[in-house]
Structure formats: C-alpha cells, structure tokens
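The sequence shown: position 43 = 43 (the UniProt record's numbering), numbered continuously. All C-beta atoms, glycine included, are put in the ideal place defined by N, C-alpha and C. Data first, discussion second: the structure below is written as structure tokens.
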Amino acid sequence: MGWFKRLKDGIQTATRNKKEAPEGLWYKCPRCSETVTRKELRENVFKCPSCNYHERIGSEEYFHLIFDGNFEEYEADMEAVDVLQFKDLKSYKDRLKSAKKKTGLTDAIRVARGKLNRRPLLVACMDFNFIGGSMGSVVGEKIAFAIDEAKKTRTPLLIVSKTGGARMMEAAFSLMQMAKTSAKLSQLARAGVPYFSLMTDPTTGGVTASYAMLGDINLAEPEALIAFAGPRVVKETIKKELPEGFQTSEFLLEHGFLDFIVDRGDLKERLGDLLHLFESAQKPA
C-alpha cells in the first residue's frame with residue numbers, strides 16, 4: 001500500500017530522482033500490442049509470445065539460429081562502388097556510408113559456412129536494414145560466390161531473402177544480377193547440389209523474380225509479404241479489389257508457389273530434415 005500512503009501524504013519524487021527503464025529493454029508487438037522484454041523476445045526466436053508475429057531479424061540472428069555453433073564468413077569486406085556517380089536527395093556514396101555506420105555491415109547480404117545438425121551448409125542471408133535489403137552488384141557477386149563454393153565443395157546452399165528488390169542507385173548493374181544469379185543457380189542444379197530458398201518478410205521485386213523463387217525447395221516464414229510488385233501497384237494496374245491475404249506466404253502456398261511455410265522456431269529442425277533427405281537421395285544405391 002506504499003503508493004496509497006504516498007498519495008495521502010502528498011509525497012512526490014523529484015524528476016531528477018526518477019529512474020527510467022533503459023532504452024531498448026521492452027518490445028511492443030506491432031500486431032497485438034503485447035509488451036514483453038527484449039530478453040523474452042530473443043528467447044522466443046524473435047516471435048511475439050502472444051500472437052506468434054515474426055519480428056524482422058538480420059543475418060547475425062539467422063546464423064546463430066541455423067548453425068550449430070561457430071561459422072566462417074566469406075567475402076566480408078566486399079563493398080559497393082558508385083560507378084554511376086548516382087545522386088537523388090543524397091549521393092549514393094553518402095547512402096552507403098550512412099548504411100554502413102547504422103548497421104555495421106558492408107552491404108545487404110552476408111555469406112557464411114557452418115554446420116546444421118553436424119551437416120555442412122552454406123547460407124547467404126540478406127539484411128533489410130542495409131538500404132532496404134536492396135540487390136546491387138555486391139549482393140549478386142556474393143550469391144555467385146556462394147553458388148560457386150557450394151558447387152566446388154558439394155555443400156547444400158540456403159539463401160534467406162529479405163528485400164525491397166533491386167537497388168535503383170545502381171540502375172542496370174542491379175538488374176543484371178537477376179540474370180547472373182539465375183544462370184549460376186542453373187549450373188548448381190546441373191551439378192546436383194541442393195538449393196533451398198527461404199523467403200521472409202518482405203521478399204519483393206527483382207529478388208522474387210530471380211533467385212528467391214528458384215529453389216529446389218521454396219519455403220517461407222508465416223505471413224511474409226512475397227511479391228514482385230506491391231499490392232498497391234497491382235491494385236492500381238488491374239483496377240480491381242485484391243483477395244484477402246493477397247501476396248502473403250499463406251496465399252502463395254495455396255496457389256502452388258511455395259512448398260511449405262515454416263515457423264521460425266521449427267526452422268532448424270525442418271532444414272535438418274531436408275539436408276538428411278537430400279543427402280540420402282544423393283547416395284548411390
């Protein structure tokens with residue numbers, strides 16, 4: 001009843017003595033407004049404990065979620081070059097500098113090799129926080145490197161997509177990555193090395209139109225937006241109301257674009273099952 005006594009006796013705490021909760025301690029779910037600590041959210045693999053909303057996470061979190069322990073990163077220092085001297089409200093050079101400072105990343109994708117349930121796996125994971133996870137020359141080159149490494153070592157490849165599409169500041173150089181990565185994946189397929197594509201929220205634009213939809217197995221997280229053009233653009237183009245849930249992973253699964261949807265909490269187990277199945281299929285009878 002301490003609060004009642006303070007109210008009755010007019011006891012107040014000076015503003016300078018009030019203790020504020022440390023910034024970043026709490027998380028409020030954007031869907032159901034449930035509030036939990038960041039620690040609880042992390043322990044629940046960055047899903048809302050109340051409504052199972054999957055919060056967007058980056059490559060570091062996926063690497064720790066997927067790999068058994070240590071992993072080796074490849075081409076970590078590869079950086080984009082402003083070949084076109086592009087400038088809109090800001091120069092492309094300044095945007096790159098700002099994104100590197102904000103995220104601690106060199107571009108919108110990282111490539112790493114490790115083990116999942118003691119089986120080797122190469123993972124190329126996109127980061128939405130770096131200029132909207134946009135696909136530029138570095139993204140294309142790192143994916144090409146990952147594919148070559150997977151082919152050379154006969155290691156299964158997983159690409160985790162989280163992107164707004166092509167990087168407009170690189171114009172045609174960005175669009176060229178669609179053809180480049182698709183051609184590389186056809187070489188990987190001919191070599192008989194498995195490729196799994198995991199689409200997360202959002203996966204849009206040129207990435208969806210290229211490597212994201214070319215997996216031997218295409219899977220997605222629940223309620224992820226997966227599209228080429230966004231729903232507003234589609235609606236304005238066809239001049240019709242869109243079906244409920246249009247362009248969500250559930251809608252795509254129902255229409256045959258996905259093999260299955262996987263909860264983030266089950267991701268490692270399901271990937272382990274796939275590695276086991278494909279490993280068994282590759283063994284001689």
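Straight-line gap, residue i to residue j (C-alpha atoms, nearest Å)
i	j	result
glutamate 60	leucine 158	15 Å
glycine 192	serine 33	46 Å
alanine 212	threonine 35	33 Å
phenylalanine 173	phenylalanine 278	35 Å
alanine 183	proline 49	41 Å
residue 288	glycine 230	The structure shown does not extend to residue 288, since the chain is modelled only from 1 through 285, so no value can be given for it.
leucine 41	phenylalanine 228	31 Å
glycine 136	leucine 84	13 Å
residue 286	asparagine 44	Examination of residue 286 is not possible in this model, given that the chain is present from 1 through 285 alone.
arginine 264	histidine 54	8 Å
alanine 108	alanine 281	34 Å
glutamate 236	glutamate 72	46 Å
arginine 95	aspartate 82	10 Å
aspartate 273	arginine 110	24 Å
leucine 63	leucine 242	A small fix is needed here, since residue 63 is phenylalanine in this sequence, not leucine. Phenylalanine 63 and leucine 242: Cα-Cα distance of roughly 36 Å.
Close beta carbons around residue i, own chain, < 8 Å, minus the five adjacent residues each side
i	result
isoleucine 66	Gly114, Leu116, Leu121, Val123, Leu158, Leu267, Lys268 and Leu271
threonine 155	Arg113, Pro120, Leu121, Leu122, Glu149 and Val193
threonine 248	Glu223, Ala224, Leu225 and Ile226
lysine 151	Gln187, Leu188, Ala191 and Val193
threonine 208	Ser161, Gly165, Met199, Ile226, Ala227 and Phe228
C-beta atoms of residue i and residue j nearer than 8 Å
i	j	result
glycine 133	lysine 180	no
glutamate 75	phenylalanine 145	yes
methionine 178	serine 210	yes
leucine 214	leucine 185	yes
isoleucine 147	leucine 188	yes
threonine 200	valine 234	no
valine 139	glutamate 79	no
glycine 165	threonine 204	yes
Beta-carbon contacts of residue i that lie in its chain and below 7 Å, excluding the five residues immediately before and after
i	result
glycine 69	none
leucine 25	Thr37 and Arg38
Cutoff 6 Å; reference residue i; Cβ partners in own chain excluding five residues on either side
i	result
serine 197	Ile159, Ala212, Gly215 and Asn218
valine 262	Leu219 and Arg270
cysteine 29	Cys48 and Tyr53
phenylalanine 46	Glu55 and Ile57
tyrosine 27	Val36, Arg38 and Leu41
Minimum length 4: unbroken alpha helix (DSSP H) runs contained in the segment 192-222: 205-208
Contact between the segment 114-129 and the segment 80-97 (3+ Cβ pairs under 8 Å): no
Ordered list of beta strand (DSSP E) runs contained in the segment 50-137, each at least 3 residues: 72-74, 109-116 and 119-126
Three CB pairs or more closer than 8 Å across the segment 248-261 and the segment 217-236: yes
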